[in-house]
Amino acid sequence: MTVKPDWLRVKAPQRERIGNVKDILRDLALNTVCEEASCPNIGECFKAGTATFLIMGPACTRACPYCDIDFEKKPKPLDPTEPSRLAKAVHRMKLNHVVITSVNRDDLLDGGASQFMACIHAVRSVSPNTTIEVLIPDLCGNLNALELILQAAPEVLNHNTETVPRLYRRVRPQGNYDRTLELLQRSRQVSPSTYTKSGIMVGLGETDAEIRQVMQDLRTVDCDILTIGQYLQPSQKHLQVNEFIHPEQFAAWKAFGEEIGFLQVVSSPLTRSSYHAEQVRELMERYPRSKSDDLGVMSYEL
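Residue numbers for the sequence shown follow my numbering, beginning at 3 and rising by one.
What follows is the structure in structure tokens.
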């Protein structure tokens, strides 16, 4: 068994750091990835004024061997009150930046795009100054569904690459590497003002050369923001960690990513998809984009 190194050990978040966030979440019956995935950064992120809400759950229609979310072939119908409850939480928590992610809902014709849209609109209506990031599934390659989400104009469209192509069959068996790149590329084509983002987890047996190639592939489709973090095994039933990557390697990937043109690279052992997500507000000021550049997304019948 691989022993967890010192650089992956963090203090448990203290109640005073999180404040009343948990009470608000319980009151509004909402889930966050911060809690569901036992994220080590929960205290830091809540204190910084950001949180990642998990919608359309709690069960997922895929059973990825690295993920701790429960699998259910026929999950519950969507809750029409979820968008308004999420918006209330954003307002009560006074979030500067909110990340909205979801389980995979392959049972739905649009993969849940309409629920993402409803959540974005609900947040905008009560908290117009909050920047919004959506961390979306691959929608089974449904680009019309993707364009519906972009029509709601989130500031950031995030879709994780997760791993290198060689490991997709083992790590992400229902995913497709080329489909991920296509989704990110189409996002930039349809809505150039939206910042695109992706994430990679490492320590599953990939090589440095493979990671660098993925980074170059993401830049080829003009991805703006990249996160790289250490994979940690949620339980004995999940994929084992092949290697704990040293912080110096994460620093090298960050330097390489900045060299090839990413606007932001967050790379460290404890980095997760939403880690330091609120920094996009500074990025938007440094690299402003105009909505007038967008192609104008049409509504599609799905």
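We put the CB at the ideal spot given by N, CA and C, even for glycine.
Computed from a predicted structure; not experimentally measured.
**Prompt:** What is the rounded straight-line gap between the Cα of Ile-247 and the Cα of Ile-202?
**Reply:** 13 Å
**Message:** Going by the DSSP bridge assignment, what does Glu-135 pair with across the sheet?
**Reply:** Val-101 and Val-158
**Asked** Do Glu-208 and Val-166 have their C-beta atoms closer together than 7 Å?
**Response** yes
**Prompt:** Relative to the alpha-carbon of Thr-229, which residue among Arg-288, Pro-130 and Lys-199 has its alpha-carbon at the smallest distance?
**Reply:** Lys-199
**Message:** Only counting the same chain, and skipping five residues up and downstream in sequence, which positions put a Cβ closer than 7 Å to that of Val-216?
**Reply:** Thr-163, Val-166 and Ile-202
**Message:** Could you tell me which whole beta strand (DSSP E) segments of length 3 or greater appear in the segment 173 to 228?
**Reply:** 197 to 204
**Message:** Is the beta carbon of Leu-159 closer than 7 Å to that of Gly-113?
**Reply:** no
**Prompt:** Does the pairing of the segment 77 to 85 with the segment 115 to 125 give three or more beta-carbon distances under 8 Å?
**Reply:** yes
**Request:** Under 8 Å Cβ to Cβ from Gln-266, same chain only, skipping five residues before and after it: list those, please.
**Result:** Asp-226, Ile-227, Leu-228, Gln-281, Val-282 and Leu-285
**With 16 other Cβ atoms within 10 Å as the buried cut-off, status of Gln-238** = exposed
**Asked** From Asp-224 to Leu-145, what does the alpha carbon distance come to, in whole angstroms?
**Response** 17 Å
**Assigned exposure category for Leu-186 - 16 Cβ within 10 Å defines buried** = buried
**Prompt:** Is DSSP giving Glu-84 helix, strand or coil here?
**Reply:** helix
**Item:** Own chain partners of Leu-304 with C-beta closer than 7 Å, once the 5 adjacent residues on each side are dropped
**Value:** Any reading at Leu-304 must be qualified, since the residue scores a pLDDT of 47, below 50, and its modelled position is unreliable; no value is offered.
**Prompt:** Between which two residues does the alpha helix (DSSP H) harbouring Ser-116 extend?
**Reply:** 115 to 128
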